[in-house]
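Per this note's numbering, the very first residue in the sequence shown carries number 1; after that it's consecutive. Here a beta-carbon is modelled for each residue, glycine too, at the ideal position from N, C-alpha and C. Below: the structure, in structure tokens.
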Amino acid sequence: MPAQKRPDYLQTVNERVVVFDGAFGTYVQGKDLTADDFGGQHLEGCNELLAVTRPDLIAAMHEDFLKVGVDALETATFGSFGTVLTEYGIADRAYEITLAAARIARDVANSFESDGRPRYVAGSVGPGTKLPSLGHIAFSDLRDTYEEHARALIEGGVDLLLIETCMDLLQIKAAMQGGRRAMQAMGREVPIQVQVTMETTGRMLVGTEIGAALTALLAMKPAVIGINCATGPAEMQEHLRHLAQHSPIPISVLPNAGLPSVVDGPSSRSSSQHHACEAQPAARSQRHLALLSRHPAARQQRAVHRRTHQRQRLSRFPRRDARRRLGYLHEDGQRTDSRRRPRVGRVRRLRRSRRHR
């Protein structure tokens with residue numbers, strides 16, 4: 001399907017759920033690659049370089065995901081920019097690697113559009129290994145690195161820029177500015193989709209909670225906002241609920257299968273919603289995850305979370321403790337029966353007497 005006939009990505013997002021592909025890293029790890037596949041011992045582990053050394057493997061990965069029915073492919077470019085490739089001594093090849101990966105994804109996606117259904121290519125932009133808020137790198141240097149990365153993705157024919165697994169708002173700002181500079185230089189506009197990742201603490205790595213992240217990101221005007229990676233689908237539910245209730249723009253969620261662990265040598269992932277994420281085709285898993293919030297087990301888990309949250313609030317707010325002593329609340333934070341509450345006048349007199357002591 002020619003690009004001019006393919007429906008705009010945002011148009012499709014506003015019409016239906018768009019299903020993305022699965023994980024690039026875990027796919028590659030399952031292929032038992034050797035150092036020769038990466039181009040030498042010193043380059044082993046640089047998965048993004050496979051777009052140049054093993055393009056057949058990257059194309060096969062995209063084909064496997066499309067065969068199970070996904071709508072969008074992510075390019076194999078999560079870390080194919082200067083700040084990451086510097087660790088392998090190949091930062092000067094960043095543009096070449098990113099362009100090759102984008103073209104592979106575009107060619108494979110085009111080959112599956114003969115049935116009339118559009119297949120989108122998302123240019124993957126990862127967080128890198130250096131965060132500006134922690135002083136690892138200057139903002140301008142990171143922005144310029146992202147600009148080069150985005151230029152290669154746009155030249156390769158992506159339909160959107162996917163700034164994902166973000167842990168630092170300043171890093172997101174650098175990536176978005178770099179992406180928009182690249183669009184201006186290339187003379188082509190594409191939507192920007194931003195996805196943050198939340199730690200087990202309920203915040204981003206640098207301490208930002210989801211409400212603050214949403215407020216800050218809306219000011220930067222992305223086309224889509226969401227969450228990805230993190231600790232699994234169950235732990236994302238409260239963050240996703242906040243986005244669904246407060247975001248004025250489309251939202252996305254791309255969870256992984258839980259935290260990694262080593263079991264008898266190879267790594268695996270355990271998830272509290274393992275039934276939704278175990279070795280299934282990516283499209284089936286993603287569609288199932290969309291129904292998690294309506295599952296009875298999910299509703300029960302939310303009720304437990306609310307009760308836990310109430311107990312935590314009791315310990316944080318001394319006034320709640322006073323209300324509990326006066327009979328308004330039980331020890332577990334639940335309200336007492338109205339017939340057992342003290343009269344309001346008595347409570348007011350108590351408060352006035354405390355002020356005048």
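Candidates the options: closest to residue i by CA position
{"i": "P191", "options": "S114, G123, T53, G202", "result": "G123"}
{"i": "G69", "options": "P55, P255, E113, G82", "result": "E113"}
{"i": "F24", "options": "K5, C46, R6", "result": "C46"}
{"i": "R103", "options": "L73, T145, P127, M176", "result": "L73"}
{"i": "L196", "options": "Q171, Q184, A185, E189", "result": "The sequence shown places Val at residue 196, not Leu. It is Q171."}
{"i": "Q193", "options": "D92, V253, G187", "result": "V253"}
{"i": "D71", "options": "T208, L85, L10", "result": "L10"}
{"i": "A257", "options": "H246, P248, V121, M236", "result": "M236"}
{"i": "D115", "options": "D159, I97, R6, A60", "result": "R6"}
{"i": "A175", "options": "V125, A185, L218", "result": "V125"}
{"i": "G82", "options": "G211, L142, T26", "result": "L142"}
{"i": "A185", "options": "C229, D144, G39", "result": "D144"}
{"i": "A105", "options": "D159, E147, H149", "result": "D159"}
{"i": "G157", "options": "L131, G22, E189", "result": "E189"}
{"i": "H42", "options": "G187, I210, G89", "result": "G89"}
{"i": "R54", "options": "F20, D21, L66, I97", "result": "I97"}
{"i": "T231", "options": "T215, L243, R203, L33", "result": "R203"}
{"i": "Y120", "options": "A138, F139, F65", "result": "F65"}
{"i": "L240", "options": "R180, I210, D8", "result": "I210"}
{"i": "G22", "options": "E148, E147, N228, A91", "result": "N228"}
{"i": "L153", "options": "A244, D8, T12, R180", "result": "R180"}
{"i": "K67", "options": "A150, Y146, E15, V108", "result": "V108"}
Three-way DSSP call (helix, strand, coil) for residue i in this model
{"i": "P127", "result": "coil"}
{"i": "A150", "result": "helix"}
{"i": "S252", "result": "strand"}
{"i": "A358", "result": "The structure shown does not extend to residue 358, since the chain is modelled only from 1 to 357, so the question has no answer here."}
{"i": "V194", "result": "strand"}
{"i": "L205", "result": "coil"}
{"i": "F20", "result": "strand"}
{"i": "A244", "result": "helix"}
{"i": "E199", "result": "coil"}
{"i": "A35", "result": "helix"}
{"i": "Y328", "result": "Reliability of the predicted coordinates at Y328 is poor, the pLDDT of 49 falling under 50, and the value obtained from them is presented with this limitation in mind. Three-state DSSP puts Y328 in coil, outside helix and strand."}
{"i": "P7", "result": "coil"}
{"i": "E189", "result": "coil"}
{"i": "V158", "result": "coil"}
{"i": "G211", "result": "helix"}
{"i": "T145", "result": "helix"}
{"i": "V121", "result": "strand"}
{"i": "T26", "result": "helix"}
{"i": "I163", "result": "strand"}
{"i": "A59", "result": "helix"}
{"i": "E113", "result": "helix"}
{"i": "G226", "result": "strand"}
{"i": "A234", "result": "helix"}
{"i": "A138", "result": "coil"}
{"i": "V48", "result": "First, the amino acid is wrong: residue 48 is Glu here, not Val. E48: helix per DSSP, three-state reduction."}
{"i": "A257", "result": "coil"}
{"i": "A72", "result": "strand"}
For residue j and residue i, the rounded distance between their alpha carbons
{"i": "E63", "j": "T201", "result": "37 Å"}
{"i": "T77", "j": "V52", "result": "12 Å"}
{"i": "A94", "j": "E48", "result": "10 Å"}
{"i": "M198", "j": "A213", "result": "10 Å"}
{"i": "A35", "j": "L169", "result": "36 Å"}
{"i": "P233", "j": "T75", "result": "23 Å"}
{"i": "G135", "j": "P222", "result": "25 Å"}
{"i": "T129", "j": "G178", "result": "17 Å"}
{"i": "N110", "j": "A100", "result": "15 Å"}
{"i": "P118", "j": "E155", "result": "19 Å"}
{"i": "I163", "j": "T208", "result": "17 Å"}
{"i": "V17", "j": "L85", "result": "34 Å"}
{"i": "Q29", "j": "E44", "result": "12 Å"}
{"i": "I225", "j": "H246", "result": "11 Å"}
{"i": "L205", "j": "M183", "result": "29 Å"}
{"i": "M167", "j": "A60", "result": "31 Å"}
{"i": "P132", "j": "I58", "result": "31 Å"}
{"i": "D32", "j": "T215", "result": "43 Å"}
{"i": "T358", "j": "I251", "result": "In the structure as shown, the chain begins at 1 and stops at 357. Residue 358 is therefore absent and cannot be evaluated."}
{"i": "L217", "j": "Y27", "result": "31 Å"}
{"i": "L243", "j": "P255", "result": "15 Å"}
{"i": "G79", "j": "V19", "result": "22 Å"}
{"i": "A150", "j": "E238", "result": "32 Å"}
Near the ligand SAH: residue i beta-carbon under 7 Å from a heavy atom
{"i": "L218", "result": "Absence of the ligand SAH is noted for the structure shown, with no ligands found whatsoever."}
C-beta neighbour in chain B for residue i, strict 8 Å
{"i": "S140", "result": "Although the question refers to chain B, the structure presented lacks it and comprises just one protein chain."}
At 4 residues or longer, and completely inside the segment 78-110: list those alpha helix (DSSP H) runs for me, N to C. 82-85
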